[in-house]
Amino acid sequence: ALVAPLQARFGTSVLLKVGLLIEMGTQLTLAITSPWAVAAAALLVFGVHGSVWSVLTVSLRQHRTAEEVRGRVLAAYMVLSVGGAAIGSLLGGVLVAVGTITTPMWFGAVVVAAVFVAAVPSLRRSEVDTVEAEEQHTA
């Protein structure tokens, strides 16, 4: 109920780019804030973003993947996602050990900024939103 109106107003490519900025903003907010209410608000925004991101990326992945291999692609995505979270947790522990409690947040913000710069060319409005238009046309 939340994604469709956002998608109609802004388009998938804009929402994905804003989503990456929200991720970076969350990392930065958690790195610099002390009041729990500010951290809670940042995490609330991040949670809503996570839901929107999930709907958008699953739709794109399904549209761009041949039907006969969708299960394998989803399995590979889950392995990378869960494995990446485990590796990220270990790295976070190492960063805290060599730095401070906020070091993983600063590191995360830098990584998301790099992902944003790398992803922007592939999130061109014409390509991503063409998928969206095709889905609406065939629905």
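FYI, in our numbering the residues of the sequence shown are 330 to 468. All C-beta atoms in this analysis are idealised placements derived from N, C-alpha and C, irrespective of residue type, glycine included.
What residue range does the alpha helix (DSSP H) around glutamate 352 cover? That run of the alpha helix (DSSP H) goes 341-361.
State buried or exposed for leucine 359, treating a residue as buried only when at least 16 other CB atoms are found within 10 Å of its CB. It is buried - the Cβ of leucine 359 has at least 16 other Cβ atoms within 10 Å.
When you compare each of Val444, Ser383, Leu349, Gly437 to alanine 333 by their alpha carbons, which one comes out closest? Closest by C-alpha distance to alanine 333, out of Val444, Ser383, Leu349, Gly437, is Ser383.
Let me know if alanine 404 comes out buried or exposed under the rule of 16 or more other beta-carbons within 10 Å of its beta-carbon. With fewer than 16 other Cβ atoms inside 10 Å of its own Cβ, alanine 404 counts as exposed.
If you draw a straight line from the alpha carbon of phenylalanine 445 to that of valine 381, how long is it in whole angstroms? Rounded to the nearest whole angstrom, the C-alpha separation of phenylalanine 445 and valine 381 is 17 Å.
Please report the straight-line C-alpha distance between alanine 371 and arginine 399, rounded to a whole angstrom. So the two alpha carbons sit approximately 34 Å from each other.
Using only CA atoms, which one of Phe436, Thr341, Ala438 lies nearest to valine 387? The closest CA to that of valine 387, considering only Phe436, Thr341, Ala438, is found on Thr341.
Leaving aside the five residues before and after leucine 331 along the sequence, list all residues of the same chain whose C-beta is less than 8 Å from its C-beta, in chain order. Closer than 8 Å at the Cβ level, and outside the excluded window around leucine 331, lie Val377, Ser380, Val381.
Beta-carbon proximity list for glutamine 356, same chain, < 7 Å, skipping 5 on both sides: Non-local beta-carbon contacts of glutamine 356 in its own chain, meaning distances under 7 Å to residues more than five positions away in sequence, involve Met434, Gly437, Ala438, Val441 in chain order.
Curious, which full-length alpha helix (DSSP H) runs of at least 4 residues does the region 409-455 contain? Counting whole runs of 4 or more residues, the region 409-455 contains the alpha helix (DSSP H) stretches 432-448.
In three-state terms, what does DSSP make of threonine 386? Helix.
Coarse secondary structure for proline 364, derived from DSSP in three states: Secondary structure at proline 364: coil, using DSSP grouped into helix, strand and coil.
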